[in-house]
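Visitor: I'd like to ask you about the structure that follows.
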Amino acid sequence: WHMGSCVDNSRIEDVLNAVAGYLKVKISDLPVAASAPEFITEKAVSIGTWAVNLGAMTHIGGQPYVSGSKNMVKLLTDGVEGLVGGKFYVETDPNKAAQTILAHVNAKRKKLGLAV
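Numbering of the sequence shown is given in the numbering used here, commencing with residue 111 and proceeding in unit increments.
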């Protein structure tokens, strides 16, 4: 678990790259997820896009400013996963979000043969 400021992103990426390299897998195969449960500015979505591009499922607790385009919503929540391994997950209910994130992490752990 990590909670921190935006400047920690590069350190998180370093750790994910090291773990993925050690396990000889892609970052998108790791049991990780990102979350912005209450984003305050558009910055959270841009940082989330960085996490998605790393290959992480990325939860956003509010509706991002792309819902006016069905094509963009589909790309960010489904289509991008086939390109980079990560995707956005939008959920305002914190309990549902936590359950989905844990299920995602556990599925990735199981796929890697790690204890769940």
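Yeah, the Cβ is synthetic: ideal placement off N, Cα and C, and Gly gets one too.
Here the structure is a predicted model, which is why all the values come from computation and not from measurement.
1) Checking the sheet assignment: what are the DSSP bridge partners for Asp146?
2) Using the beta-carbon count (16 or more within 10 Å), is Ser179 buried or exposed?
3) Once you ignore the five residues that flank Ala72 on each side, which residues in its own chain have a CB closer than 8 Å to its CB?
4) Only counting the same chain, and skipping five residues up and downstream in sequence, which positions put a Cβ closer than 6 Å to that of Ser145?
5) Using a Cβ-Cβ cut-off of 8 Å (strictly less than) and excluding sequence neighbours within five positions of Pro204, which residues of its own chain qualify?
6) Do Lys197 and Glu191 come within 7 Å of each other at the CB atom, strictly closer than that value?
7) Just the Cα atoms here: how many angstroms apart are Val155 and Gly223?
8) Is Lys180 helix, strand or coil by DSSP?
9) From Ser177, Asn119 and Ala207, pick the residue whose C-alpha is nearest to that of Gly158; which is it?
10) Which first and last residues belong to the alpha helix (DSSP H) in which Val125 is found?
Guide: Result, derived from the coordinates:
1) Sequence inspection shows Ala at residue 146; the Asp mentioned does not correspond to that position. DSSP lists Ile170 as partners of Ala146.
2) exposed
3) For the chain, the structure presents residues 111 to 226; residue 72 sits outside this window and is missing.
4) His169
5) Pro147 and Gly171
6) yes
7) Their backbone Cα atoms lie some 32 Å apart in a straight line.
8) helix
9) Asn119
10) Asn119 to Leu133
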